[in-house]
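Take a look at the structure set out below.
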Amino acid sequence: MNLYEAISVRRSVRSYTAEVVSEEKLDAIRRRFRELPNLFGDIETDITIVNGQLYPIGLSRLQAVKAPYYIVFYSEKAPRYQMNMGFLMEQTALFLCSEGFGTCFVGNTNVRKNLRTKGELELTGILAFGITKESHIRKRTEAKRLPLEELCVYKEVPRQWMKQLLQAARLAPSSMNSQPWRFVVYDDRIHIFTKKHRTDQLGRYHWEEVNFGIMFAHIMIAAEEYWLDVDLIRLENISHKNFPNNQYVLSAIMKS
Ligand SMILES: Cc1cc2nc3c(=O)[nH]c(=O)nc-3n(C[C@H](O)[C@H](O)[C@H](O)COP(=O)(O)O)c2cc1C
1022 MNLYEAISVR RSVRSYTAEV VSEEKLDAIR RRFRELPNLF GDIETDITIV
1072 NGQLYPIGLS RLQAVKAPYY IVFYSEKAPR YQMNMGFLME QTALFLCSEG
1122 FGTCFVGNTN VRKNLRTKGE LELTGILAFG ITKESHIRKR TEAKRLPLEE
1172 LCVYKEVPRQ WMKQLLQAAR LAPSSMNSQP WRFVVYDDRI HIFTKKHRTD
1222 QLGRYHWEEV NFGIMFAHIM IAAEEYWLDV DLIRLENISH KNFPNNQYVL
1272 SAIMKS
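The numbering used here puts the first residue of the sequence shown at 1022, with every later residue one more than the last.
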């Protein structure tokens, strides 16, 4: 299974066995992470893999996904570093899925003190993983996601490869399955928006940037699968427009 195939079948797993993962496999995960390209520029990142059975991570039992292993992700604070981290975390989650592991993002990052920073870097996300009790994959049709018709406004008839990119984007996991993205689709570009939030509810949107980074990972993995050269850029002419319900995030532009 490659990362593109994993997009269709990965599911969040919340129930694990205590099976030990070999040091070789843990090293392969670390190596894979180090090879991942950033979404934006030169942002310094790192991970620590915690054996949750030997060193309890400190999360409250009620709120946390209980798993034998956790990857704690760290980043320097830079513009859009959380989006960048979502991009890296989802590629790691898909890699783990392709290797037979179950994974689940952990929204509560209130871990023990010595895990909250790594050198100058700050904890930016946590991924639980391990060998699962039940299957770590599912059929694509079992993913609870909004249909593309609800997510997209089509300005031009999409070609087959565009439909594949949108399907991959649609399948992205998000905190509380919020699926905040909306797409305005042209022949060779997708303008990507998020719903505007009520200012009194901003606390609910803590993971918004990470969610978008996850979805961009799906777009870029699908683009690679179809040999498409895609740029993710912020277009100034759209940034300056005011939309009543949506806020512009980025555009995915196919290079010819
Ligand atoms: C940033 C982020 C944080 C999440 N936090 C939690 C969490 O704390 N506990 C949990 O059970 N699931 C958590 N999830 C998993 C989502 O609930 C899950 O991805 C979504 O419901 C879709 O389900 P699926 O991944 O099985 O398709 C999180 C997902 C993301 C992307």
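We treat Cβ as the ideally placed atom computed from N, Cα and C, and that holds for glycine.
Within the same chain, show all residues whose beta-carbon is closer than 8 Å to that of residue i, passing over the 5 residues directly before and after it, in chain order.
i, result
"Leu-1142", "Glu-1065, Thr-1066, Asp-1067, Tyr-1095, Ser-1096, Glu-1097"
"Trp-1182", "Tyr-1247, Leu-1249"
"Ser-1260", "Tyr-1269"
"Ile-1254", "Leu-1271, Ser-1272, Ile-1274"
"Arg-1210", "Ser-1272, Ala-1273, Ile-1274, Met-1275"
Let me know if residue i comes out buried or exposed under the rule of 16 or more other beta-carbons within 10 Å of its beta-carbon.
i, result
"Ala-1049", "exposed"
"Ala-1272", "Residue identity check: residue 1272 is Ser in the sequence provided, not Ala. Under this definition Ser-1272 is a buried residue."
"Met-1104", "buried"
"Arg-1055", "exposed"
"Leu-1075", "exposed"
"Thr-1145", "buried"
"Thr-1113", "buried"
"Asn-1232", "buried"
"Pro-1194", "buried"
"Phe-1204", "buried"
"Ala-1190", "buried"
"Phe-1214", "buried"
Whole angstroms is fine: what's the gap from residue i's alpha carbon to residue j's?
i, j, result
"Arg-1052", "Glu-1230", "25 Å"
"Val-1178", "Glu-1171", "16 Å"
"Val-1041", "Pro-1089", "8 Å"
"Ala-1085", "Lys-1262", "40 Å"
"Ile-1028", "Pro-1168", "16 Å"
"His-998", "Lys-1184", "Past the boundaries of the shown model lies residue 998; the chain is included only from 1022 to 1277, so the question cannot be answered."
"Glu-1155", "Gly-1073", "20 Å"
"Asp-1208", "Glu-1257", "20 Å"
"Met-1022", "Ser-1043", "21 Å"
"Ser-1199", "Met-1106", "18 Å"
"Ala-1099", "Gly-1079", "27 Å"
"Asn-1279", "Glu-1026", "With the chain running from 1022 to 1277 in the structure shown, residue 1279 is simply not present."
"Glu-1045", "Gln-1188", "34 Å"
"His-1212", "Arg-1166", "20 Å"
Comparing alpha-carbon positions, which option in the options lies nearest residue i?
i, options, result
"Leu-1024", "Glu-1120, Ala-1039, Leu-1144, Val-1093", "Glu-1120"
"Phe-1150", "Gln-1188, Met-1236, Leu-1117", "Leu-1117"
"Met-1197", "Cys-1125, Val-1251, Phe-1237", "Cys-1125"
"Pro-1077", "Val-1132, Glu-1026, Ile-1242", "Val-1132"
"Ser-1081", "Asn-1129, Ala-1099, Lys-1046", "Asn-1129"
"Asp-1087", "Leu-1115, Lys-1134, Ala-1039", "The question names Asp, yet the displayed sequence has Lys at residue 1087. Ranking the options by Cα distance to Lys-1087, first place goes to Ala-1039."
"Leu-1115", "Arg-1166, Ser-1199, His-1157", "His-1157"
"Tyr-1037", "Tyr-1091, Ile-1070, Gln-1188", "Tyr-1091"
"Thr-1069", "Asn-1059, Ala-1099, Phe-1264, Thr-1138", "Thr-1138"
Leaving out five residues on either side along the sequence, give the residues of the same chain with a beta carbon under 7 Å from the beta carbon of residue i.
i, result
"Arg-1159", "Val-1030, Arg-1032"
"Lys-1217", "Asn-1266, Asn-1267, Gln-1268"
"Leu-1057", "Leu-1109, Gln-1112"
Leaving out the 5 sequence neighbours to the left and right, which residues in its chain are closer than 6 Å to residue i when beta-carbon positions are compared?
i, result
"Val-1020", "Residue 1020 is absent from the structure shown; the chain starts at 1022 and stops at 1277."
"Tyr-1102", "Ile-1064, Ser-1096"
"Ala-1244", "Val-1251"
"His-1227", "none"
"Arg-1161", "Ser-1029"
Report yes if the C-beta distance between residue i and residue j is below 7 Å; otherwise report no.
i, j, result
"Leu-1186", "Ala-1164", "no"
"Ile-1152", "Val-1127", "no"
"Gly-1234", "Phe-1061", "no"
"Val-1034", "Gly-1140", "no"
"Trp-1202", "Met-1236", "yes"
"Leu-1047", "Val-1093", "no"
Problem - Those residues, in chain order, that have a beta-carbon closer than 6 Å to some heavy atom of ligand 3 - result: The model on display carries ligand 1 but not ligand 3.
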